[in-house]
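Undergrad: One structure follows; several queries about it will come next.
There are 2 protein chains.
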Amino acid sequence: MKVRSVDIGQMASASEVIFEALREAIVKGDLTEGEALRQDRIARMFNVSRIPVREALTRLEEQGLVSTQRYRGAVVTTLSTEEVSEIFEYRALLEPEMLKASVPRMTDEALRRARQIAAAFASEPDSVHWGELNRDFHYALYEAANRPYFLQAINAALDRVDRYSRIQLVMTDGMERARREHEAILAACEARDATRAAELTREHIRGAGRSLVDFLVRSRAERDGTASRASA
Amino acid sequence: MKVRSVDIGQMASASEVIFEALREAIVKGDLTEGEALRQDRIARMFNVSRIPVREALTRLEEQGLVSTQRYRGAVVTTLSTEEVSEIFEYRALLEPEMLKASVPRMTDEALRRARQIAAAFASEPDSVHWGELNRDFHYALYEAANRPYFLQAINAALDRVDRYSRIQLVMTDGMERARREHEAILAACEARDATRAAELTREHIRGAGRSLVDFLVRSRAERDGTASRASA
DNA sequence: ATATTGCAAATTGGATCCAAAAAACAGATG
DNA sequence: CATCTGTTTTTTGGATCCAATTTGCAATAT
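Taken in order, these protein sequences are the chains called A and B.
Going by this note's numbering, the first residue of the first sequence is number -7, and it counts up by one from there.
Going by this note's numbering, the first residue of the second sequence is number -7, and it counts up by one from there.
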């Protein structure tokens, strides 16, 4: 009898493992902006040579999560407030369009899943899994649009600003507000009102962007202020 | 006397050179879809080891220009008609927005440059530099918007579909039509009518997308037809 | 004390070598 | 003849080694 082997998912390559680990660490904010990523150190952490580490860093650079200078190594990218603002404008353009395409095609099953995730938001007001849930929620809404390129673009944008969003969410009332807005967007989807869902999404993103930029401007001004006082 | 060294632009790394060369070859269509990219062969072409070649291929994969399978190497990406269509929708969303932001900020100098490039279109109906000119034209129009992330996103999308566009342009009346539409967009910019310029751009891209997808569907159907006849 | 110069250490980019996997091929078997 | 099987060849992923460059630091000069 032929036993179909179960190895559907290939054993991941070393560089893949490292790439995913670093990517998650950066997105979640465990690696802070400006932090240097030494090839040798990372290689030892994973018990591999520097070669797969370099491949992972190359990919991260291509995604804009780290920036490297020749012979000087890689550091976690720091986004200026202008860049954060631009990325939110970008999301505010793409995501409503995505949702508009998705709503007419969403199955009841997809709506149920989205509602389930929305419920999880309410029950878990701590921010540990917030980013994860946020992704899942948006993914559940956008999935039916069946636009892989759009989805990838949206995810890339999310990756870049996620760590900033997380900081802001816990420091302000952002979490409660996001929960309410998600609820409204989901309700519009359930009512099959694509236009309204898109409009709400646009405002949701614009609002989140504004308050994040605001938060960054203030906290950076303060930091620079104390820094200059300290150095003076 | 202090002589400021002149090496403003660092000597490019080997992987950078290879990356740019392969990228251009793929975008221009010199490397055709599905073509295998052997590390060893490329390494010998550039007189380097496989290491910088692998870095270049990793970057190309991250940009979606090649796709690799573990232990099986890299091939130039083939886009389905659905993917081409989606990328044009994406461009049709981003580029008008970009232009709308750009028009109010365009200097007379920028307009002059754009007009100069538009003139070059007319004088050089051959398609050799068409893609190049097309990029330059759009870049001249979008530059003033001062949105690097949008620009990068647009360029990435252009890179993916450029080689298909080029084929279609020479096979149909696309070149003449594009020239006319560019003229109209530029006129709207010169009249500082951002809304109209954006609308024309959207239709320009939508139209180009439709006719390209149409062209691809037909030429691929024919190819598969002859192929199956040949193999039968 | 501060700026400058000349090593030494740390770090990266690339070359060479080796192991693992896939593809190509040849012979055996139904 | 098609198919299976074992072997050889090709090709990729990763380890180790070396060269080029930057960085840290000490000694010196101003």
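Cβ atoms here follow ideal geometry from the backbone N, Cα and C, with glycine treated the same way.
The model shown is predicted, which means the values in this text are computed figures rather than measured ones.
Nearest-angstrom Cα distance between A:MET37 and A:GLY201?
TA: Spanning the two alpha carbons is a distance of roughly 36 Å.
Undergrad: Applying a beta-carbon distance threshold of less than 9 Å, which residues of chain B neighbour A:LEU86?
TA: Simply TYR82, LEU85, LEU86.
Undergrad: Whose Cβ in chain A lies nearer than 7 Å to the Cβ of B:TYR226?
TA: Residue numbering for chain B in the displayed model covers -7 to 224; residue 226 of chain B lies beyond these limits and cannot be assessed.
Undergrad: If we cut at 7 Å on Cβ distances, does A:GLU54 have a partner in chain B?
TA: Cβ-Cβ to chain B under 7 Å: yes for A:GLU54.
Undergrad: Hey, does A:ALA4 have any beta-carbon neighbour from chain B nearer than 7 Å?
TA: By this cut-off, A:ALA4 is not an interface position.
Undergrad: For B:THR60, name the three-state secondary structure that DSSP assigns.
TA: In the structure shown, B:THR60 sits in a strand (DSSP, three-state: E or B).
Undergrad: For chain A, check one thing: does any of its Cβ atoms lie closer than 7 Å to the Cβ of B:THR70?
TA: It does not; no Cβ of chain A falls within 7 Å.
Undergrad: For B:GLU195, would you say it is in contact with chain A, using Cβ-to-Cβ distances shorter than 7 Å as the test?
TA: Cβ-Cβ to chain A under 7 Å: no for B:GLU195.
Undergrad: Just to check my reading of the structure: A:TYR156 and A:LEU208 have Cβ atoms closer than 8 Å, yes? What is that Cβ distance to the nearest angstrom?
TA: That belief holds up - the Cβ atoms of A:TYR156 and A:LEU208 are roughly 7 Å apart, short of 8 Å.
Undergrad: Go ahead and pull the three-state DSSP assignment for A:VAL67.
TA: Strand.
Undergrad: Between which two residues does the alpha helix (DSSP H) holding A:ALA179 run?
TA: Element bounds for A:ALA179: 166 to 182.
Undergrad: Could you check what DSSP says for A:LEU23 in three-state terms: helix, strand or coil?
TA: Reduced to three states, the DSSP call for A:LEU23 is coil.
Undergrad: Report back the beta-carbon spacing between B:ARG139 and A:GLU78 to the nearest angstrom; my notes put them in contact at under 8 Å.
TA: Right, the Cβ-Cβ distance comes to about 5 Å (below 8 Å), so this counts as a contact.
Undergrad: When the Cα atoms are used, what is the spatial distance from B:ARG184 to B:ALA136?
TA: Each residue's alpha carbon lies about 13 Å from the other.
Undergrad: Find the nearest neighbour of A:ARG105 within the set A:ARG215, A:LEU133, A:GLY123, A:THR193, judged by alpha-carbon distance.
TA: Here the closest residue by C-alpha is A:LEU133.
Undergrad: Looking at A:SER7 and A:GLU54, is the spacing between their C-beta atoms short of 7 Å?
TA: In this structure, A:SER7 does not lie closer than 7 Å to A:GLU54 by Cβ.
Undergrad: Consult DSSP for B:ALA6 and reduce its assignment to one of helix, strand or coil.
TA: Reduced to three states, the DSSP call for B:ALA6 is helix.
Undergrad: Whose Cβ in chain B lies nearer than 8 Å to the Cβ of A:GLU47?
TA: Correct list: ARG46, GLU47, THR50.
Undergrad: Which residue comes first and which comes last in the alpha helix (DSSP H) that contains B:ALA35?
TA: Per DSSP, B:ALA35 belongs to the alpha helix (DSSP H) from 31 to 38.
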